[in-house]
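6 protein chains.
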Amino acid sequence: MRPSGRALDQMREVSLEIDVTKHAEGSCLVKFGDTHVLCTASIEEKPPAWLRGSGLGWVTAEYGMLPRATHTRNRREATAGKQGGRTQEIQRLIGRALRAVVDRPALGERQITVDCDVLQADGGTRTASITGGFVALHLAAQKLLKAGDVSHLPIEGEVAAISCGIYKGKSVLDLDYLEDSDAETDANFVITGRGGLVEVQATAEGLPFMDFHLTEMLALAKKGTGELIAKQRAVLGIA
Amino acid sequence: MRPSGRALDQMREVSLEIDVTKHAEGSCLVKFGDTHVLCTASIEEKPPAWLRGSGLGWVTAEYGMLPRATHTRNRREATAGKQGGRTQEIQRLIGRALRAVVDRPALGERQITVDCDVLQADGGTRTASITGGFVALHLAAQKLLKAGDVSHLPIEGEVAAISCGIYKGKSVLDLDYLEDSDAETDANFVITGRGGLVEVQATAEGLPFMDFHLTEMLALAKKGTGELIAKQRAVLGIA
Amino acid sequence: MRPSGRALDQMREVSLEIDVTKHAEGSCLVKFGDTHVLCTASIEEKPPAWLRGSGLGWVTAEYGMLPRATHTRNRREATAGKQGGRTQEIQRLIGRALRAVVDRPALGERQITVDCDVLQADGGTRTASITGGFVALHLAAQKLLKAGDVSHLPIEGEVAAISCGIYKGKSVLDLDYLEDSDAETDANFVITGRGGLVEVQATAEGLPFMDFHLTEMLALAKKGTGELIAKQRAVLGIA
Amino acid sequence: MRPSGRALDQMREVSLEIDVTKHAEGSCLVKFGDTHVLCTASIEEKPPAWLRGSGLGWVTAEYGMLPRATHTRNRREATAGKQGGRTQEIQRLIGRALRAVVDRPALGERQITVDCDVLQADGGTRTASITGGFVALHLAAQKLLKAGDVSHLPIEGEVAAISCGIYKGKSVLDLDYLEDSDAETDANFVITGRGGLVEVQATAEGLPFMDFHLTEMLALAKKGTGELIAKQRAVLGIA
Amino acid sequence: MRPSGRALDQMREVSLEIDVTKHAEGSCLVKFGDTHVLCTASIEEKPPAWLRGSGLGWVTAEYGMLPRATHTRNRREATAGKQGGRTQEIQRLIGRALRAVVDRPALGERQITVDCDVLQADGGTRTASITGGFVALHLAAQKLLKAGDVSHLPIEGEVAAISCGIYKGKSVLDLDYLEDSDAETDANFVITGRGGLVEVQATAEGLPFMDFHLTEMLALAKKGTGELIAKQRAVLGIA
Amino acid sequence: MRPSGRALDQMREVSLEIDVTKHAEGSCLVKFGDTHVLCTASIEEKPPAWLRGSGLGWVTAEYGMLPRATHTRNRREATAGKQGGRTQEIQRLIGRALRAVVDRPALGERQITVDCDVLQADGGTRTASITGGFVALHLAAQKLLKAGDVSHLPIEGEVAAISCGIYKGKSVLDLDYLEDSDAETDANFVITGRGGLVEVQATAEGLPFMDFHLTEMLALAKKGTGELIAKQRAVLGIA
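Chains as they are written, first to last, in the working numbering: chain A, 115 to 353; chain B, 115 to 353; chain C, 115 to 353; chain D, 115 to 353; chain E, 115 to 353; chain F, 115 to 353.
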């Protein structure tokens, strides 16, 4: 039934490639099928101004899309002179998701910026960004630990994200672009390694959805993030 | 247990005052306790450029906050030179929520802009905006119908929104500012007159939340939006 | 002769409602007929950078108009990305007018920002803003005095403003929108409680005007501001 | 008594040099003492969008100041990313002043932009701009007439501007920078060749001023603009 | 003598990988050592407004750098609200270089935009962009030809670019970051497949350079672009 | 053969007029034929933030063009809200050129900003700006020396710039606007008083150019800058 021939609860092929750039403290090229996002984590040895003296660190995220990551070329946001509303919404979501697993006192007064730049888009760029962004962040945190800059790893557990949707009346996992354009409802779930919910966002694009749809999509999302977190652990060497 | 002394499932006092401005085609001053939002609906007799020739109408929303609507003064966005990420996120949400009940072919090639300006804020400005914005929109649609510009009312049913949260471990309805600053989880629900879900957004501010929390908050939200929709019907004279 | 049926020297009905918002240190909802402006005064316990160490305080004003305060909707300035020239001109005028009655050494190194937001416009928004802004400012100053933050009230006297115009060849007081659109000359006067002139601005929209017109309009303005200042004193409880 | 040794009613040396640039349809380098402004008038053979089909022309003005026209260098507005409030206020004033003598139907559907760029500033830049801008505009209008593009000169009479002030308690004509920084009241008058008032702006910088001050300054301004208009006529060859 | 151990006239390892993205009409991932640039060519079936009716096409370029392409993170230009001067200078250079080999009448009234986004930077990003951008452009042009949209390939010959410099007194080819930071002179050459010069830019960073330096660097650049063009031909299958 | 009737190696008439503005520490009105640029040098007694504590000074340049300096009026950059790419490119070039002759330790921790504002344009504005900007800078440096703020003149030698081009197949010196619009190649050379090369920029506008063209143009540029530097020395009183 799905354009891709996938089962309702089947994700696209996912890969997480680490250490893909020379300069960043942590990096991960994440692929959810044809959606490719380059995630880098950059450590800055001072926190934002409003945290000075607090003893706490900060993790923030920025999101961008190359102009021709999509079917037709989009105007470059740097040329337009500002980030669009969608971009800001996504990067605020990524930042919140990642901070959910950060031990901010352990991080200390420094800031880690996770940049998620979409090289190619085919649906699910925000969930891929969170999933890959976590890997980049974890690698940067490991580097701090190895250097003795922190006393223990300032990351607690894992976090991943996946989309679900109602497509032709069925709840499905991990929408690609074709499904996404056509789905009645579009949802995103951010879930931790222990199954805790960090963020749930579900939006009816056409008809309103029902309570049982939410329940079904949540179950799919648990399955999906479970698989993603297994891959994160594998690539990060977490037992 | 709640700072306001309200029961867990008790909303603040809500009022919807209509026809509060002289110029707008529809207007509603909505109050959720100390949160006051002035909503106006403005009809423009041509649609956005991308809809020309489609026969479809459009409803969009803009959101703003007076600089001193809050405890301390915020910088005016017109002075800052752009709308912040939070503002854009909220106005995109309001627009999606209202469009869920718009019959766009019946509206025809025109645009209605719903402006939601917060005069005083005490938590829940986005849910008040959706609830009051719907009333303003409905009034403007009635005006179109009375003038014979549309053949039937281009609105199908009602839509309202309410926040819920997990506060000191309990699921509660309609957070005010004090609770909002302190809640472990913050959620917003947009629900139609028939109980269909238009938007669900739940965010862990501290610890992740559990599936049962989502279920509890959804039940509270159904109760709350039911009461709001009853008030909308009363003020709009809908049987 | 006037569209409203008023006498040449008759102002619209004026009201000054104080303490209309919960958060601001001073607030006043001013109405000149159908022109409604919400004025708030916000105290900030540090002055602008260029006054540090001077022992002097500062009073500044910002002006805004809700998008549908007018007959047809105007683009939101926050969306446009900047304040228009008219907006800046008006807020600079309001600031100058208010500073004319401020005792800046008595205020000390703090800043009071007076926000004037037009909820509904029907001509004369700048003069209503000055008149209501003064009330909000005075209330904030009283709060400083009561709290012992200043040794005496940092306000000297009162200030109010009114428009005049040449309409169908006659000098008239307090133009409403209909008159304003049609007036040959449009003028604004800012005058103190003792009758001193703070600002005179007169602009020929069509034919140039004559010296005697200026004299006539000044006399009308003295009458008008006299009445406004009586109302300010009443609402502020100034003997 | 004046720093420059001038009499109370004495203007600085004024010169109007025409045809100072190669490309503009009209140009005038105006000097009021050490204040030097280069004014150019540029004809565009189509009106602003909102005038299409109206048969009417438009005259607009822009004002700028070279970064080091002043005692200390000011930030270039092109670098700052916007025109300041003062700049916008001034260019709006210049535009209004010039339009007061334009025969817009005779001009027809075209636009003339008068650019006033301050090469060196010593007080009175806005009045010099209006005075010199009129000359540039007139020259451009003559060019239209000579080319047969208009049936008669689309300018009716002349317009000039001068500042006055209250300096050490005395009304004085044509403030230079030293006086301007120190004046109790600062005023600008825009007056036509027949003595009609186009714009009167008087602002108390310190103490409020009195009615008789306004009368005195108006008389000085009449004298000053009379002299300026004589110079305009001379340089333009108007009988 | 060079940090990399390369001979004075030795380029870094260069690779040109084509068809690296799914959506763009042409794409090339170009690597000059550790400098990696993703180049895409996007065809738009209408030209810029100023070319309508001319029968001519246009090729333009945009350049960007991921925030962490460099040693330390740079602020994202979309966040900063504008493209920096360096970015604009580079993208103007790329556009000019590519247009030098475009047959604009053959291209017809369409526009090709070449986006060059630096994924990792180690010196020479602008020369890599031109070299890889040409490949992406050529692929897009081939697509137009295959589709019958143009009657012959709208590209004449090839174009490539390479940097040279004076490093420790010696003329060297293809500076990497370490050399670039330390070079006395930095130069860029854009050269066609037939050896014609399209652009020469040489800048003394420290001491001025001499005529013979320019001659030496030009000879090196000819050698380098010869090698680059051979690679371009190989990957594009040009005999 | 040249539209102006000049010989191939003949510059336009050049003049350098100094001390043309009252406020700037150094100023020069430079004319290359009908190209007129007003250059001012402004000393600021603190360096840019990134140089604090370094003991080094900085020289920077800004470039602007009056809206009607050209054949048709250009939009004012302050109105457009940003400097265009061409403007930024030129001002970066001027800054680099001037810094080539600055002794930054001798200058000490201060900044000199050289503003180059084009009053009238007829080709070669950037080379005129560098040539006149050097004179303004030198005058400001002399003022520092006379005041005892520096121990020796923080300028080493002279710098000037000239354009060359290939026009109708011939290498020519100092293009005016007519030639510039029509030239096959356009080049700019920045050269010191001792004949050292500071910057070489040559761009093919049509067909690529050959090595011998570069050689010819370089020879012309040496001749031209030789003449310019003689004029600089004369006006500055350098032996």
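Quick reminder that beta carbons are idealized off the backbone N, C-alpha and C, glycines included.
All values reported here derive from a predicted model rather than from experimental measurement.
query	result
Determine the direct distance from the alpha carbon of residue 223 of chain E to that of residue 167 of chain E, and round the result to whole angstroms.	8 Å
Below 9 Å on C-beta distance, what does residue 162 of chain B contact in chain A?	Residues of chain A passing the Cβ test: none, with the nearest at roughly 15 Å.
Can at least three beta-carbon pairs, one atom from the stretch 298–309 of chain E and one from the stretch 248–258 of chain E, be found at a separation below 8 Å?	no
Assign residue 172 of chain C to buried or exposed, taking buried as 16 or more other Cβ atoms, counted over all protein chains shown, within 10 Å of its Cβ.	buried
For the stretch 242–269 of chain A, list every residue whose C-beta sits within 9 Å of some C-beta in chain E, in sequence order.	none
Roughly how many whole angstroms lie between the Cα atoms of residue 269 of chain F and residue 210 of chain F?	14 Å
Note down, in chain order, every chain D residue with its Cβ under 9 Å from the Cβ of residue 135 of chain F.	150, 180, 182, 183, 233, 234
Would you call the CB atoms of residue 125 of chain B and residue 279 of chain B closer than 9 Å?	no
Within this structure, are the beta carbons of residue 320 of chain E and residue 130 of chain E separated by less than 9 Å?	no
Helix, strand or coil: how does DSSP classify residue 362 of chain A here?	Outside the displayed span of chain A (115 to 353) sits residue 362 of chain A, for which this structure offers no information.
Going by the beta-carbon positions, is the gap between residue 139 of chain D and residue 208 of chain D smaller than 9 Å?	no
Helix, strand or coil for residue 332 of chain D, going by three-state DSSP, please let me know.	helix
Just to confirm my understanding: we take residue 249 of chain A, look at its own chain, exclude 5 residues before and 5 after, and list those with CB closer than 8 Å. What are they?	130, 132, 140, 142, 144, 153, 346, 349, 350
Residues in the stretch 184–198 of chain A with C-beta within 7 Å of chain B's C-beta atoms, listed in sequence order?	196
Kindly indicate which three-state DSSP category residue 315 of chain D falls into: helix, strand or coil?	strand
Check whether the Cβ of residue 346 of chain E lies closer than 9 Å to any Cβ atom in chain F.	no
Quick one: residues in its chain with C-beta nearer than 6 Å to the C-beta of residue 281 of chain A, no 5 flanking neighbours on either side, listed in chain order?	293, 297
Output the distance between the C-alpha atoms of residue 276 of chain A and residue 311 of chain E, rounded to the nearest integer angstrom.	52 Å
Do we get a CB-CB distance below 9 Å when we pair residue 229 of chain D with the residues of chain F?	yes
Applying a beta-carbon distance threshold of less than 8 Å, which residues of chain E neighbour residue 325 of chain F?	311, 332
Would you mind sorting residue 119 of chain C into buried or exposed? The rule is 16 or more other CB atoms within 10 Å of its CB.	exposed
Looking at residue 314 of chain A: is its Cβ nearer than 9 Å to the Cβ of residue 326 of chain A?	no
Between the C-alpha atoms of residue 204 of chain A and residue 123 of chain A, what's the straight-line distance to the nearest angstrom?	24 Å
So residue 215 of chain F and residue 273 of chain F are in contact, right, with Cβ under 8 Å, and what is the actual spacing, rounded?	5 Å
Taking the alpha-carbon positions, what's the residue 160 of chain C to residue 178 of chain A distance?	38 Å
According to the Cβ coordinates, are residue 192 of chain B and residue 192 of chain C closer than 9 Å?	yes
Given that residue 318 of chain E touches chain F, what residues does it touch there, using C-beta distances under 8 Å?	214, 310, 311, 312, 313
For the stretch 277–306 of chain A, which residues have a beta carbon sitting closer than 7 Å to at least one beta carbon of chain B?	306
What does DSSP give as the partner residues of residue 150 of chain C in its beta bridges?	C:145, C:234
Cutting at 7 Å between CB atoms, please list the residues of its own chain near residue 197 of chain E, excluding the five before and the five after it.	191
Whose C-alpha, out of A:221, A:299, A:344, is nearest the C-alpha of residue 165 of chain A?	A:221
When the Cα of residue 264 of chain B is compared with those of B:157, B:185, B:289, B:234, which residue comes out closest?	B:157
Taking the C-alpha atoms as reference points, what is the distance between residue 285 of chain A and residue 258 of chain B?	38 Å
Following the continuous alpha helix (DSSP H) through residue 121 of chain E, name the residue where it begins and the one where it ends.	That residue, residue 121 of chain E, is in no alpha helix (DSSP H); it is neither H nor E in DSSP.
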